[in-house]
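Residue numbers (full-length UniProt numbering): 1 to 467. Have a look at the structure below before the remarks.
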């Protein structure tokens with residue numbers, strides 16, 4: 001052994017220090033462990049009904065976000081076209097299936113509306129198909145190319161096509177099917193069809209209560225859905241056990257069993273074809289017409305009005321009654337006076353009641369429930385200032401009726417049919433559904449920034465059950 005010189009000590013190799021940084025995989029494993037623990041907590045919490053959030057909420061919660069950040073969840077898509085009587089609407093939805101509860105959660109949607117309605121192309125079905133083709137191009141902005149082949153595509157036509165002669169409706173349907181077959185999205189022979197009014201009501205009701213997070217507690221916590229379209233109107237609500245027995249005895253075809261998030265509910269729905277706002281307008285305006293004339297004089301039109309209105313391919317010239325109602329108005333101060341032409345509200349009300357009142361069954365107990373009304377209920381209330389058109393609001397039947405009277409007493413060539421429309425709505429709510437003057441309606445176009453439309457309910461149904 002060779003002695004070492006103390007002046008030149010041997011250099012020892014440096015000790016390896018353990019890095020204070022952990023590998024990325026460690027954090028991922030730790031996060032997955034946390035997720036598993038959270039999942040266990042959720043299961044236990046759900047069992048004892050002690051969760052700090054609604055298990056059936058429509059949106060994404062913190063645990064979903066954590067799962068997304070770990071790449072454990074992916075988006076699923078559905079594309080639905082609502083071919084209504086006055087316009088067609090594309091809704092392209094983005095969902096994911098929660099790892100926590102297995103339910104679909106709504107992440108986003110694209111909403112695009114075009115006019116006129118598909119039924120307007122009854123004599124030119126190729127133009128109607130081209131309208132659908134343009135909407136599908138917009139859906140490509142939402143659905144990635146890799147997902148389009150298994151993204152379900154559906155178009156359902158509502159009252160506009162229901163009111164067409166069968167052969168014309170069939171030609172339109174077949175032309176749209178040709179467009180769907182050439183599209184990159186997934187479709188079947190059942191993807192394009194005319195929707196039954198019952199399904200329209202049920203899917204609208206599902207949309208409203210899904211967006212309000214009302215599922216999971218019981219029928220008494222759900223809201224009524226009132227949908228006023230152009231060609232038809234629907235009323236839909238959940239029943240308790242006692243109500244179910246009564247309604248099944250009176251109208252068994254209108255009671256349906258719905259499975260919403262593993263909860264079975266009895267739901268009443270009824271669709272009234274011909275009581276949509278445009279269809280009711282047409283029936284009331286043409287009720288006393290003699291001969292096949294396109295010039296219509298009606299008591300619900302102000303005497304100063306002469307306007308054109310198109311319905312089902314026919315253009316009408318609308319005017320006030322030949323024997324107008326004039327009121328003499330004198331200012332409170334001074335001698336200035338005015339002869340004002342008005343709609344005789346009593347006559348107009350009676351005319352509308354003759355058409356509406358006996359066509360609707362009054363469901364008992366409807367007015368004591370929370371009521372959400374949309375479509376033309378919302379539009380007309382916004383147009384006369386009863387609600388803010390951006391956020392909606394709450395309106396009583398009395399407010400609708402007062403607005404109808406005001407509109408009928410005010411000459412307005414810019415809104416020539418507002419008197420008639422508000423009277424139809426007021427009569428439908430009061431004489432049709434049996435609401436009291438104080439009954440309040442929640443009027444919204446959107447809930448949580450999502451459109452209130454049966455399309456969301458249909459998309460949910462398709463993703464759960466297939467096309």
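Even for Gly, the Cβ is constructed at its ideal location relative to N, Cα and C.
- Within the same chain, 58, 59, 93, 95, 450 come within 7 Å of residue 106 by CB-CB distance, once the 5 residues on both sides are set aside.
- Under a 10 Å Cβ-count criterion, residue 330 is classified as exposed, with fewer than 16 other Cβ atoms of the shown protein chains found around its own Cβ.
- The C-alpha of residue 430 lies about 27 Å from the C-alpha of residue 214.
- Fewer than three pairs of CB atoms, one per stretch, sit closer than 8 Å, so the region 167-185 makes no contact with the region 419-428.
- Following the DSSP letters along the chain, one finds residue 457 inside the alpha helix (DSSP H) bounded by residues 454-465.
- Boundaries of the beta strand (DSSP E) harbouring residue 227: 224-228, taken from the DSSP string.
- Between residue 203 and residue 443, the gap from beta carbon to beta carbon reaches 7 Å or more.
- In this structure, residue 276 places its C-beta atom within 7 Å of the C-beta atom of residue 232.
- In this structure, residue 360 keeps its C-beta atom at 7 Å or more from the C-beta atom of residue 302.
- Residue 395 is a Cβ neighbour of residue 381, given a cutoff of 7 Å.
- The residue among 147, 128, 156, 127 with its C-alpha nearest the C-alpha of residue 81 is 156.
- Bridge pairing for residue 156: 82, 193 [DSSP].
- Shown here for residue 279: same chain residues with a beta carbon closer than 8 Å to its own, the five before and five after excluded, namely 85, 159, 163, 230, 231, 232, 273 in chain order.
- Per DSSP, residue 100 is not a residue of any beta strand (DSSP E), being assigned neither H nor E.
- Spatial neighbours of residue 452 in its own chain (CB-CB distance under 7 Å, excluding positions within 5 residues in sequence) are listed in chain order as 207, 208, 374, 444, 445, 446.
- Here residue 113 carries a strand assignment [DSSP, helix/strand/coil].
- Here residue 436 is exposed. Its C-beta has fewer than 16 other C-beta atoms within 10 Å.
- When DSSP states are grouped into helix, strand and coil, residue 252 belongs to the helix group.
- In the three-state reduction of the DSSP assignment, residue 276 falls in the coil class.
- Taking residue 322 as reference, the option from 312, 300, 97, 91 with the minimal CA-CA separation is 300.
- Take the alpha-carbon of residue 109 and the one of residue 210: they are about 15 Å apart.
- Distance from the CA atom of residue 410 to the CA atom of residue 316, rounded to whole angstroms, is 23 Å.
- For residue 145, the enclosing alpha helix (DSSP H) covers residues 145-148.
- According to DSSP, residue 92 shares a beta bridge with 79, 110.
- Contact annotation, residue 79 with residue 172: C-beta distance approximately 19 Å; criterion of less than 8 Å not satisfied.
- At least 7 Å separates the beta-carbon of residue 238 from that of residue 252.
- When secondary structure is reduced to three states using DSSP, residue 129 falls in the helix class.
- The Cβ neighbour count for residue 227, taken over all protein chains shown within 10 Å, is at least 16; the residue is labelled buried.
- Between the alpha carbons of residue 456 and residue 262 lies a gap of roughly 18 Å.
- For residue 444, there is no enclosing alpha helix (DSSP H), as DSSP gives it neither H nor E.
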